[in-house]
Amino acid sequence: MKSITLKELANLCGGKVLGDDNIFAENIAPLNLAKENELSFLSGAKNYAAHLEEVKTTKAVAIIAPEDAPDLPIPSIRLKNPYLGLVAALNYFNPPAEYNYNIHENAFVSPNAIVDKTAVIGPMAVVDDGAVIKAGARIDAQAYIGRNAFVGENSHLNPGVRLLHNCKIGANCIIHANAVIGSDGFGFTPEKGVHVKVPQVGNVVIEDNVEIGACVTIDRATMETTKIGEGTKLDNMIHIAHNVEIGKKCIIVAQVGLSGSTILEDYVTLAGQVGTTGHLRIGKGTTVAARGVVTGNVEPNSFVSGFPLKPHSEERKIMVAQRQLPDLIKKVRELEKKLEELKK
Numbered sequence: 083m084k085s086i087t088l089k090e091l092a093n094l095c096g097g098k099v100l101g102d103d104n105i106f107a108e109n110i111a112p113l114n115l116a117k118e119n120e121l122s123f124l125s126g127a128k129n130y131a132a133h134l135e136e137v138k139t140t141k142a143v144a145i146i147a148p149e150d151a152p153d154l155p156i157p158s159i160r161l162k163n164p165y166l167g168l169v170a171a172l173n174y175f176n177p178p179a180e181y182n183y184n185i186h187e188n189a190f191v192s193p194n195a196i197v198d199k200t201a202v203i204g205p206m207a208v209v210d211d212g213a214v215i216k217a218g219a220r221i222d223a224q225a226y227i228g229r230n231a232f233v234g235e236n237s238h239l240n241p242g243v244r245l246l247h248n249c250k251i252g253a254n255c256i257i258h259a260n261a262v263i264g265s266d267g268f269g270f271t272p273e274k275g276v277h278v279k280v281p282q283v284g285n286v287v288i289e290d291n292v293e294i295g296a297c298v299t300i301d302r303a304t305m306e307t308t309k310i311g312e313g314t315k316l317d318n319m320i321h322i323a324h325n326v327e328i329g330k331k332c333i334i335v336a337q338v339g340l341s342g343s344t345i346l347e348d349y350v351t352l353a354g355q356v357g358t359t360g361h362l363r364i365g366k367g368t369t370v371a372a373r374g375v376v377t378g379n380v381e382p383n384s385f386v387s388g389f390p391l392k393p394h395s396e397e398r399k400i401m402v403a404q405r406q407l408p409d410l411i412k413k414v415r416e417l418e419k420k421l422e423e424l425k426k
């Protein structure tokens, strides 16, 4: 079992130890579940009051905490952003799995594929003709890498991922289970009562340091490229239609649907179940609140919500007014009744 001193962990995450820095820890766990040889975690000073009893009674040897948290009854590692300490501890106590093979005997790798000698190809995975797998990449069980597809250095494709032909994943990406990258875009044209399929011959390019959640589907472009920008993070069960362009370091939460040719500039955040009508642009730094429906261009640095979309402050006023409607209707009826009595 791995162990680490508070001093060593603080050095890893850039924190400061308050108390005995020679204490050893062997794991990290929530305050109420931590054992006597384990660390725990407090996310923010505001949470201190909510977790006061747990802080007092925890068996943890130390707590990773924000630098402005009150005095704690046990040693602590203090950071401006305590999540960086949590990340360091989780990574230390949960190192990546090691494999005793590079290409599993039950995998299929085309003789025309190029697979770096340090890459790992799991059981029943398929690497098709012309595919390129770079150094340190990991392709888990039953994943499929299509013809002429590309997987960059140190990227990890979890079980069941489909990276279809001509699509590209950059370096240091994580693609979670059963994501499909490069499926056909939804393109049809009506002719004499028949929906004629428009061939989708473009591709998908995912830049470096992107994370894509489970069961995400990203359609290939009709003729060009569907693009996911560097550092962007996608939650589970998201659909990205053909010819969408997503900028750098965007955050997209579960069940979002982006219609064809939607453009997201850098640092856009889309909360859960946001939808777009396509062929529009959402400006840099914009946040769309949950269930917002985007039907036109949005200016940079906006905070918008609702349907039809409007500034979030305006939407909140409308929501407050809606909650007052039952009382308002009751008062109107009372006034109508009094008015009828006056008429008599």
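Position 308, counted from 1, in the sequence shown is what the numbering used here calls 390; the numbers after and before it change by one each time, with no gaps.
Idealized CB from N, CA, C, for every residue including glycine.
Please read all numbers here as calculations on a predicted model, not as lab measurements.
Taken in chain order, the complete alpha helix (DSSP H) segments of 4 residues or longer contained in the region 83-128 are 88-95.
Take Pro155, set aside five residues on each side of it, and the residues of its chain with a beta-carbon closer than 8 Å to its own are Val137, Lys138, in chain order. With contacts defined by Cβ atoms closer than 8 Å, Leu94 and Ala170 form a contacting pair. For Phe268, no beta strand (DSSP E) segment is defined, and its DSSP state is neither H nor E. Lys399 and Val243 have their C-alpha atoms roughly 44 Å apart. Listed as beta-bridge partners of Asp301 by DSSP are Ser265. In this structure, the beta-carbon distance from Ile320 to Ile334 falls below 8 Å.
Counting along the chain, Pro148 sits inside the beta strand (DSSP E) bounded by residues 144-148. Taking one beta carbon from each stretch, the region 351-364 and the region 293-307 have fewer than 3 pairs nearer than 8 Å; the two do not touch. The three-state reading of DSSP puts Phe385 in strand, counting E and B together. Distances from the CA of Ala213 to each of Ala225, Arg229, Lys392, Val326 were compared; the closest alpha carbon is that of Arg229.
In its chain, beyond the 5 residues on either side, Leu362 have a beta carbon closer than 7 Å to the beta carbon of Gly378. The alpha-carbon of Leu424 is positioned some 10 Å away from that of Leu417. Counting the other Cβ atoms within 10 Å of the Cβ of His277 gives fewer than 16, which makes it exposed. C-alpha of Glu90 to C-alpha of Pro164: approximately 16 Å in a straight line. Between the region 260-268 and the region 201-220 there are fewer than three inter-stretch CB-CB distances shorter than 8 Å, so the stretches are not counted as touching. For the set Val338, Met401, Ala371, Thr299, the Cα lying nearest the Cα of Ser387 is the one of Ala371. If you compare the alpha carbons of Asn176, Val197, Glu180, Pro205 with that of Ala189, the shortest gap goes to Pro205. For Pro164, the secondary structure class from DSSP, reduced to helix, strand or coil, is helix. The beta-bridge partner set that DSSP reports for Asn194 is empty. Nearest neighbour of Asp102 by Cα position, chosen from Glu347, Ala131, Ile145, turns out to be Ile145. Distances from the alpha-carbon of Leu172 to those of Glu120, Arg415, Ile221, Ser237 put Glu120 closest. Counting the other Cβ atoms within 10 Å of the Cβ of Tyr183 gives fewer than 16, which makes it exposed. With a cutoff of 8 Å on beta-carbon distance, Leu316 and Ile294 are scored as near each other.
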